[in-house]
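Single-structure report; data block below.
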Amino acid sequence: MLAAYHDHQARTGRGNTAFTYWAKTFLRCWPAVRGWEQEPLTVQLSANSGTRPFITFLLVTGRLHPSWDYLVHRKFSSLWRDVPGTVIGQDLDNFITAARGCGYSQRVASAMASQVIARVLFATGKRLTDLTHDDFEALAAAGTARQAATGRTWKHYRATATGAKTVLYHLAVLPALPEPFEQRWPFARRLAHVPEPMHAILVRYLQHKSVTCRPATVSSLATRLAAFGAYLADTDPDAIPATLDRCRHIEPWMASLSTTANTKSGGILSVPEQARRILAVANFLTEITEWGWPEAPTRRLMFPSDNPRLPQPLPRFLPPDADRRLTEALEASPHRLAADALLLQRACGLRIGELLDLELDAVIDLPGSGSWLKVPLGKLDTERMVPIDAQILTLIDRITAHRSPGRPIPHPRTRRPADFLFTAHGHRIGQARLRKELDRAAKSAGIGHVTPHQLRHTYATALVNAGVSLQALMAILGHVSAEMSLRYGHLFDTTVRAEYERALDLAKQSIGALPNPDQETSSLSEDWRATPTVKTALAGGYCLRAPAQGPCSYANICEHCPSFHT
Numbered sequence: 330m331l332a333a334y335h336d337h338q339a340r341t342g343r344g345n346t347a348f349t350y351w352a353k354t355f356l357r358c359w360p361a362v363r364g365w366e367q368e369p370l371t372v373q374l375s376a377n378s379g380t381r382p383f384i385t386f387l388l389v390t391g392r393l394h395p396s397w398d399y400l401v402h403r404k405f406s407s408l409w410r411d412v413p414g415t416v417i418g419q420d421l422d423n424f425i426t427a428a429r430g431c432g433y434s435q436r437v438a439s440a441m442a443s444q445v446i447a448r449v450l451f452a453t454g455k456r457l458t459d460l461t462h463d464d465f466e467a468l469a470a471a472g473t474a475r476q477a478a479t480g481r482t483w484k485h486y487r488a489t490a491t492g493a494k495t496v497l498y499h500l501a502v503l504p505a506l507p508e509p510f511e512q513r514w515p516f517a518r519r520l521a522h523v524p525e526p527m528h529a530i531l532v533r534y535l536q537h538k539s540v541t542c543r544p545a546t547v548s549s550l551a552t553r554l555a556a557f558g559a560y561l562a563d564t565d566p567d568a569i570p571a572t573l574d575r576c577r578h579i580e581p582w583m584a585s586l587s588t589t590a591n592t593k594s595g596g597i598l599s600v601p602e603q604a605r606r607i608l609a610v611a612n613f614l615t616e617i618t619e620w621g622w623p624e625a626p627t628r629r630l631m632f633p634s635d636n637p638r639l640p641q642p643l644p645r646f647l648p649p650d651a652d653r654r655l656t657e658a659l660e661a662s663p664h665r666l667a668a669d670a671l672l673l674q675r676a677c678g679l680r681i682g683e684l685l686d687l688e689l690d691a692v693i694d695l696p697g698s699g700s701w702l703k704v705p706l707g708k709l710d711t712e713r714m715v716p717i718d719a720q721i722l723t724l725i726d727r728i729t730a731h732r733s734p735g736r737p738i739p740h741p742r743t744r745r746p747a748d749f750l751f752t753a754h755g756h757r758i759g760q761a762r763l764r765k766e767l768d769r770a771a772k773s774a775g776i777g778h779v780t781p782h783q784l785r786h787t788y789a790t791a792l793v794n795a796g797v798s799l800q801a802l803m804a805i806l807g808h809v810s811a812e813m814s815l816r817y818g819h820l821f822d823t824t825v826r827a828e829y830e831r832a833l834d835l836a837k838q839s840i841g842a843l844p845n846p847d848q849e850t851s852s853l854s855e856d857w858r859a860t861p862t863v864k865t866a867l868a869g870g871y872c873l874r875a876p877a878q879g880p881c882s883y884a885n886i887c888e889h890c891p892s893f894h895t
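Numbers given in this note's numbering equal positions in the sequence shown, counted from 1, plus 329.
As structure tokens, then:
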């Protein structure tokens, strides 16, 4: 073993008498080197700088398999100098190659290999292709225990382990993708501030809604019910739905919404958010009554008239100049996949969820009908076909070239394997990545904050300005009612424009020519009501009436005259 250690040191360009001395000392203490594995962690970690290289040699050559606790406490700063020419080195090289194929940089791929994969291989003595999910669970448990014992966070290693397991999934080593590193809190934790028994009732209700609603919908519902529970915790901690009173609980809570702070913006809740909170509580009380829960209220507590009147804003489209500058910023972006995703959303008017659900076979060519983009089930659970041109086809080809290849990914809703169009680092990219890129591009373009849905509004507005019919607009945008599409029709109504121009022409004809300020004013002895020059001399404004309009009938009430301007 000493001869093998000397050869290893020579091959890696190291070696001196001190290293040999401490290697001999180690072997005198543990002639069977695996006996060292049974020593307490404090003894294992007490190895000095002369002994640690020998222990590393035993690890990389597969002669030693220490505990998980030792591996999460020990640093391996010289690992890449020790693994060349070993079986573990071959496995690490294969892993890095696979990680690079998933889109990871060389630095990140090497970090995953040294921080996670090497430790798992050291502990288990397995080959890379034989690793299992349980091996990574054991590493995570040891890391969590280290964090609890020393206070040194395990968060970075957890994130790295998630990426490593993703690579192994695409290598067909692991049967399933790992759960996302960032997970939503369970309902019990999100409602921890709500006292019992209301806490248990709300958690049970949310769990029931999870059966029929999407996770994002239930998450939003949990946020709004948690706020209602927090209000009850401050005003009546023992309240349950059966003991709620409209005058003592419901009406004061609804009144408080108009002054409740928005934790994101720092202002107060918007009227639509107030309406959503009222609707969430109303549905909660109504549904548990319909389901016959014993905690349900005995009488109706909320009514349709409780909902505030919602504003009817126009679609938030980008003006042509801002749209052009944003497109240029996205075209120049170094983050090609996210930028191209936003360009495709702008070019096809997709919702962000529909965009990220697109699959590789979404483009369909029909002889005589051109190319179409199949938009998957989205917000309204409907599919549709959107016509696309050659420029969009080129954009999709560019996206395909930049996406990371690999095995199909389970669909988040149906769990069926799907070849998503937008994949990076072995998994489907998320909305947060697109929003971050859009914020960067909007800042670069100097147009302020922009949301992804504004790209859809901009697309629809461009179609309306080009004269598209209401029926075609509904089909392209995936609207299920004409009312949804009519919002865009109200933007630039050609009838309103024609009527405005006709009335303006008639008004100009009746007003006649405006007086020339260079001409001498009429004598003050003339009837001042018929001379506009007298009116222009009044303080605070001027009058556009011309002599052709006849005498002024307003006399001394100029401030109320429609011809008076300030």
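The C-beta atom is built at its ideal place from N, Cα and C for all residues, glycine as well.
Roughly how many angstroms separate the alpha carbons of residue i and residue j, rounded to a whole number?
i, j, result
"LEU673", "LEU702", "11 Å"
"GLU624", "VAL547", "21 Å"
"TRP397", "HIS335", "28 Å"
"TRP351", "VAL412", "21 Å"
"PRO861", "SER587", "In this prediction, PRO861 scores a pLDDT of 46, lower than 50, which makes its location untrustworthy; no coordinate-derived value is stated."
"ALA452", "PRO395", "6 Å"
"GLU712", "VAL704", "6 Å"
"ALA604", "ALA447", "54 Å"
"ALA747", "ILE728", "17 Å"
"ARG858", "ARG826", "With a pLDDT of only 46 at ARG858, under 50, the local geometry of the prediction cannot be trusted, and no value is derived from it."
"HIS402", "ARG475", "7 Å"
"THR723", "THR385", "52 Å"
"GLN338", "MET330", "12 Å"
"THR592", "ARG519", "15 Å"
"LEU535", "PHE516", "7 Å"
"ARG487", "GLU366", "25 Å"
"THR390", "GLY430", "27 Å"
"TRP359", "ALA332", "17 Å"
"CYS542", "ASP565", "30 Å"
"THR495", "LEU388", "25 Å"
Let me know the secondary structure DSSP gives residue i once reduced to three states.
i, result
"ASP398", "helix"
"ASP694", "strand"
"ARG340", "helix"
"GLU624", "coil"
"PRO739", "strand"
"PHE632", "coil"
"PRO369", "coil"
"SER439", "helix"
"VAL809", "coil"
"ASP574", "coil"
"THR482", "coil"
"SER851", "Here the model assigns SER851 a pLDDT of 49, short of 50, so the residue's position is not dependable and the matter cannot be decided."
"PHE646", "coil"
"VAL412", "coil"
"PHE557", "helix"
"ASP565", "coil"
"LEU784", "helix"
"TYR433", "coil"
Bridge partners of residue i, per DSSP?
i, result
"MET714", "LYS703"
"ILE384", "Beta-bridge pairing links ILE384 to no other residue."
"ILE597", "ALA590"
"PHE749", "GLU688"
"ARG757", "THR752"
Does the Cβ of residue i have 16 or more other Cβ atoms within 10 Å, making it buried, or fewer, making it exposed?
i, result
"TRP483", "buried"
"CYS576", "exposed"
"TYR829", "exposed"
"ASN835", "It should be noted that the sequence gives Leu, not Asn, for residue 835. When all chains shown are included, LEU835 counts as exposed."
"PHE749", "buried"
"SER407", "exposed"
"ARG808", "The amino acid at residue 808 is misidentified as Arg; the sequence shows His. Its Cβ being crowded by 16 or more others within 10 Å, HIS808 is buried."
"LEU782", "As written in the sequence, residue 782 is His, which differs from the Leu given in the question. With fewer than 16 other Cβ atoms within 10 Å, it is exposed."
"ILE725", "buried"
"GLY432", "buried"
"TRP582", "buried"
"PHE348", "buried"
Exercise. Does the stretch 750 to 767 touch the stretch 623 to 640, meaning 3 or more C-beta pairs lie closer than 8 Å?
Worked result: no
Exercise. For the stretch 693 to 700 against the stretch 714 to 733, are there 3 or more C-beta pairs whose distance is under 8 Å?
Worked result: yes
Problem set entry | Stretch-stretch touch, CB-based, cutoff 8 Å, three pairs: the stretch 549 to 562 with the stretch 512 to 523 | yes
Exercise. Using 8 Å as the Cβ pair cut-off and three pairs as the minimum, do the stretch 734 to 744 and the stretch 497 to 506 touch?
Worked result: yes
Exercise. If you pair each beta-carbon of the stretch 643 to 654 with each one of the stretch 786 to 801, do three or more pairs fall below 8 Å?
Worked result: When Cβ pairs closer than 8 Å are counted between the two stretches, the stretch 643 to 654 is seen to touch the stretch 786 to 801, the count reaching three or more.
For this session: Examine the Cβ distances between the stretch 415 to 427 and the stretch 461 to 480 and report whether three or more of them are shorter than 8 Å.
Result: The stretch 415 to 427, when compared against the stretch 461 to 480, does not touch it at the 8 Å Cβ threshold.
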